[in-house]
Structures are given as C-alpha cells and as structure tokens.
Amino acid sequence: MTAQLDEKVEPIYQEVLRRNPGETEFHQAVREVLESLGPVLVKHPEFRERKIIERICEPERQIIFRVPWQDDKGEVQINRGFRVEFNSALGPYKGGLRFHPSVYLGIIKFLGFEQIFKNSLTGMPIGGGKGGSDFDPKGRSDDEIMRFCQSFMTELYRHLGEYTDVPAGDIGVGGREIGYLFGQYKRITNRYESGVLTGKGLDYGGSLVRTEATGYGATFFVKEMLRVRGESFEGKTCLVSGSGNVAIYTIEKIHQLGGKVVACSDSNGVIHDDKGIDLDLVKQLKEVERRRIQDYVEFRKHAHYLPGGNIWDIPCQVAMPSATQNEINGRDALSLVKNGCIAVGEGANMPTTPEGVRIFLDAGIAYGPGKAANAGGVATSALEMQQNASRDAWSFEYTEKRLAEIMKGIHDLCYEMADEYGMPGNYVIGANIAGFIKVAKAMVSHGLI
Ligand code: NDP
0 MTAQLDEKVE PIYQEVLRRN PGETEFHQAV REVLESLGPV LVKHPEFRER KIIERICEPE
60 RQIIFRVPWQ DDKGEVQINR GFRVEFNSAL GPYKGGLRFH PSVYLGIIKF LGFEQIFKNS
120 LTGMPIGGGK GGSDFDPKGR SDDEIMRFCQ SFMTELYRHL GEYTDVPAGD IGVGGREIGY
180 LFGQYKRITN RYESGVLTGK GLDYGGSLVR TEATGYGATF FVKEMLRVRG ESFEGKTCLV
240 SGSGNVAIYT IEKIHQLGGK VVACSDSNGV IHDDKGIDLD LVKQLKEVER RRIQDYVEFR
300 KHAHYLPGGN IWDIPCQVAM PSATQNEING RDALSLVKNG CIAVGEGANM PTTPEGVRIF
360 LDAGIAYGPG KAANAGGVAT SALEMQQNAS RDAWSFEYTE KRLAEIMKGI HDLCYEMADE
420 YGMPGNYVIG ANIAGFIKVA KAMVSHGLI
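Residue numbers (numbering that gives the first Met the number 0): 0 to 448.
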C-alpha cells in the first residue's frame, strides 16, 4: 500500500534497491522521501540535471569497524561499529549513535538519510550522519559499558571533529555513554574539544535542555498541529510508547501542557495507568535504577501491566510513538483512528509503516512525521555546539524558549510548503520538500563533489 513514484523518480529508487540489497529500512526511508519529490523536479530542473537525488541517496562515506572488548568475566567480545557520514552540504555531519542488537548497516543508513532532511529543517548549519553498534547494553555493568565505549571511540575518533563529524546519543546511548566516549576522545587526541560530541554532562560542556529536547520538541510540534486545528493538549488523553529518553520528556511536557498520558511501554510490555502515568516513578525506575517498566505496578497497584500488549489499542486522542522504527503498522493505525485519535507526533524515527502513514493521511488526522516532529533533539545539539564554540552556558529558560521557537519554525515551514505544493495539512510532503530543497540548493552551489 505505497503511493506511486513519479516516473522521473522511479528509476532512481530502482537503482537504490539494486545498490543496497537487503537494507529494507533504508529502502523505506528513501522511498518515503522520493514519493514527495516529483513536483520539485518540475519546478527545479537543475536538480535533475545535476543528479541531486541520486547523489543524496549515496552516503559521502561509510565506516564499518571491529569493536573488541572484554566483559566482566574476562571473556573477549566482538561487536561491529558503524558511522555513516551521509551528507555535509549544510555543515559537519551530525547525528546520534545507536547501541542496540538490531543495528546493521541498513538501520544506520535509514537513520542517516532521515537526518539530512531533519537537520536541514532545523535551519541550523549541520549535515547528516548516524552511527552505532550491534552492542546490547541491556544488563551490562557500568564497567562493561565503559570498556565498550572506549574501544568504540578508539577507532571512531579519527573520523570525528567539531568541524567534521559530531555524534550524539540515540537508543542505548545517553549521558553515561557520551561521557565515556568523550573521555576516550580527549585522551587519544589530547584535545579538550567540547564541540566534538553533544549530549554531554552539564558539568563538562553539556547544554541545559538537551536531555529534554527531543521529547519537549515533539510535544511543541504537536501543540502547533493542534493549534492550527483550533485544539490544544488541555484535557486530552495521550499515549507515549517507550520509556526511554524521548518518551520520558514527552510525557513531562504533555503533562505540563494539560494533557494526560495514560500509557507507556518498553520492548516487553505496556503500562496502562488510567489516573495518568506517574512520571517521577518512571524516572526513578528508568533513569536512576535502570529497571524494566513492568516494575511500575509494584508501586502503583491500580495500574495494569500488559506483557506483550499493544499500546495502540488503548483509546486516546493524541499518540506519540517514542520507541523505535515501524512500531505502528496498518492495523495499529486503524485502531488509533477508530478509537478517536486526532493527532500523531513521532518522537521516534520512522515509527509508522508506509501503510500506517497512508491510513493517518487518508483519515485526515494531524500527522507529524519524525524528521520534523523530533528535530528538537538535534536542534538543541546545535545549540550546545554554539555554546561550546562561544564558551558560554545558557539558562534552562532561554534554551527552552529557543527550542520552542525552532519547533514552531519547523512546523510553520512544513505547513506552508505543503500548501505551496497543493497538499494542505500534509506534513509529510511539507517536511520532505522543505528539507530537501535547502540541501539540494547547497549541493548545486558546491559543484560536482
Ligand atoms: P532510549 O534507549 O532512551 O529508549 C528507547 C525506548 O524504546 C526504550 O523504552 C526501549 O525499550 C524502547 N525500544 C527500543 N527498541 C525497541 C523495540 N525494538 N521494540 C519495542 N521497544 C523498543 O532511546 P531514545 O528515547 O533516545 O530513542 C527513542 C526513539 O527516538 C528512537 O527511534 C530514536 O531514534 C529517536 N530519537 C531520539 C533522539 C534523542 O535525542 N535521543 C533524537 C531524535 C529521535 P527496551 O528498554 O525494552 O529496549
């Protein structure tokens, strides 16, 4: 159930399939952008002549490396590390690192590809990249995490630099991991280069609001989508999948804006709390004690834990997927729409399958795709880079205000671009076209490189 590709774009997609066999998530991400670009080539024949789309689909550089390390029992472990430096037309490569056993080249390429357009939408001078490893941090001790991070950085450092490539966190990589990675980078290079990583601790160059930024930003984006429809979060029942960094701060901001989040999850199951998720408890369990979300019901007896449950079957008005890719399929999307959902804002990257997206768009609900809705994280990373460059530290209030302005700017840009291309209210078209055009123009200016 995917849309037809424009005849000018179809051969480009076929070539992507041929050159990148088996990388299904990458194919999905490319196709979703290409579906929007037919009309852009009509308006901008120079993009076609210079083969801009073909060039954007081919990463500038892909690095794959061995990561050997020793576990607490003294046993040698081998993982695989990746960094895909996708596009530097707008600035140094920028994008997170993901540590999860499902990681392979196709996942990193889909994330890196999305990152190009997301970073473009922020209006900040950052290119697109992504990296990570098939390392599974779950159940590992602090020492094991540190040894892994040190080994990972021992190869990666030679590819990084504040003007070259600046990683951040993603699934499985939070403040602790960024700290170990930064420490090893500093040790190897003998340079205190704050701007080489973002998501750093507040005591050594991190930015206030970076931890909260993706979740807060996604919620600001949904707030704007609701506003143009004459709605608000006030009194709305909401679902937020996941219980990691993005989910936690999405829940926090929804509660601040008057909504009620009644469910969250992890990869094992779902917590349903009719009275509203107790966020202090979730933070204690996940951020401090690093426990599983099922332990929530030990402390809140009225709540339910649904092992293997499907969060999208719980009735809501606003859904914010904040866990992982393809977590909402066509069936889930139908269930959400049928139960009265009016807005979906993606905190996660590509959490909705193409069939699910089609169902949301056909139902006319407000649908904010990840590359626009979750851009607040990378935008605040760029603010962290600005503070590092000027050796400054901004207040929480000031940084959050900047984030809110950036998210409103991204919303308005997508909204207006969708209008301009005759698809009012379609944030997918708006985000893809607005993100693409800026990168494409810069690539034309730079010549054939
Ligand atoms: P975390 O590692 O902090 O949390 C991830 C959460 O999602 C956990 O609750 C995890 O559960 C759950 N999850 C992960 N994989 C799966 C899976 N295969 N099935 C079901 N649940 C899963 O990551 P983040 O919160 O940082 O990232 C969440 C999403 O947001 C990702 O898509 C990421 O790419 C995206 N994102 C993150 C940004 C950031 O700044 N951190 C920026 C922009 C986007 P469990 O513990 O059981 O694995």
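Quick reminder that beta carbons are idealized off the backbone N, C-alpha and C, glycines included.
Best match in the options for proximity to residue i [C-alpha to C-alpha]
i, options, result
"T213", "G369, G258, L238", "G369"
"L159", "V8, I364, G95, I341", "G95"
"K137", "T398, Q149, S101", "S101"
"T163", "F85, E48, E113", "F85"
"T323", "N373, Q293, Y366, F395", "N373"
"R30", "E113, K42, E297", "E113"
"L402", "A365, A417, M422, G376", "G376"
"Y397", "V75, V15, R209", "R209"
"A262", "Y295, Y12, V39", "Y295"
"R146", "F116, E211, Q76", "Q76"
"G367", "H445, N431, K337, N338", "N431"
"G173", "E161, Y191, E192, E211", "E211"
"V438", "I177, C56, W393, E9", "C56"
"C315", "G275, L110, R47", "G275"
"I310", "R18, Y191, S334, G434", "S334"
"A392", "T249, L207, E415, E74", "L207"
"L225", "A378, A365, W68, G37", "A365"
"K440", "L40, G73, K400, K407", "L40"
"V260", "G122, Y414, V239, V443", "V239"
"T352", "V317, G329, C340", "G329"
"K400", "S266, H445, T379", "T379"
"I436", "A318, G37, K7", "G37"
Counterpart residues of residue i in DSSP-defined beta bridges
i, result
"L96", "G130"
"K42", "None; K42 has no bridge partner."
"W68", "Q76"
"Y156", "DSSP lists no partner for Y156."
"M349", "M349 is not bridged to any residue."
"D169", "V172"
"T379", "For T379, which the question treats as bridged, DSSP gives no partner whatsoever."
"L238", "A262, A318"
"Y366", "V343"
"D164", "Y92, G160"
"I327", "T351"
Distance between beta carbons of residue j and residue i, contact taken as under 8 Å
i, j, result
"P320", "I313", "Incorrect: roughly 13 Å between the Cβ atoms, too far for contact."
"C503", "I253", "Not covered by the structure: residue 503. The range shown for the chain is 0 to 448."
"Y420", "I428", "6 Å"
"L496", "P124", "Lying before the first or after the last residue shown, residue 496 is absent from the chain, which here runs from 0 to 448."
"F232", "G257", "5 Å"
"D331", "G355", "6 Å"
"T197", "M384", "6 Å"
"C413", "A433", "6 Å"
"R291", "D265", "6 Å"
Three-state secondary structure assigned by DSSP to residue i
i, result
"P306", "strand"
"M0", "Interpretation of M0 is limited by its pLDDT of 49, a score under 50 that renders its predicted location unreliable; the figure taken from the coordinates is listed afterwards. Correct three-state label for M0: coil."
"V8", "coil"
"A84", "Ala is not the amino acid found at residue 84; the sequence shown has Glu there. Note: E84 maps to strand in three-state DSSP."
"A217", "helix"
"G268", "strand"
"T249", "helix"
"V208", "coil"
"A392", "coil"
"A332", "helix"
"D273", "coil"
"I51", "helix"
"Q27", "helix"
"G178", "helix"
"K400", "helix"
"Q61", "strand"
"M145", "helix"
"D135", "coil"
"V356", "helix"
"F281", "Sequence check: residue 281 is Val here, not Phe. Three-state result, V281: helix."
"I187", "helix"
"I313", "coil"
"I125", "coil"
Residue i: CB within 7 Å of a non-hydrogen atom of the ligand MN
i, result
"D135", "Ligands displayed in this structure: the ligand NDP; the ligand MN is not among them."
Residue-level contact to chain D via CB, residue i, 8 Å cutoff
i, result
"H43", "Protein chains in the displayed structure number just one, and chain D is not present."
Any 3 or more C-beta pairs closer than 8 Å across the segment 180-193 and the segment 344-355: no
Cβ contact check for the segment 79-96 and the segment 163-173: 3 or more pairs under 8 Å: yes
Stretch pair the segment 20-29 + the segment 102-122: three plus CB contacts closer than 8 Å: Enough Cβ pairs lie closer than 8 Å, so yes.
Contact the segment 297-308 vs the segment 208-224: 3+ CB pairs below 8 Å: no
The segment 143-156 in contact with the segment 72-85 per 3-pair CB rule at 8 Å: yes
Inter-stretch contact at 8 Å, needing at least 3 Cβ pairs: the segment 123-136 / the segment 46-53: Segments in contact, no.
Inter-stretch contact at 8 Å, needing at least 3 Cβ pairs: the segment 172-183 / the segment 199-208: yes
Stretch-stretch touch, CB-based, cutoff 8 Å, three pairs: the segment 358-365 with the segment 282-293: no
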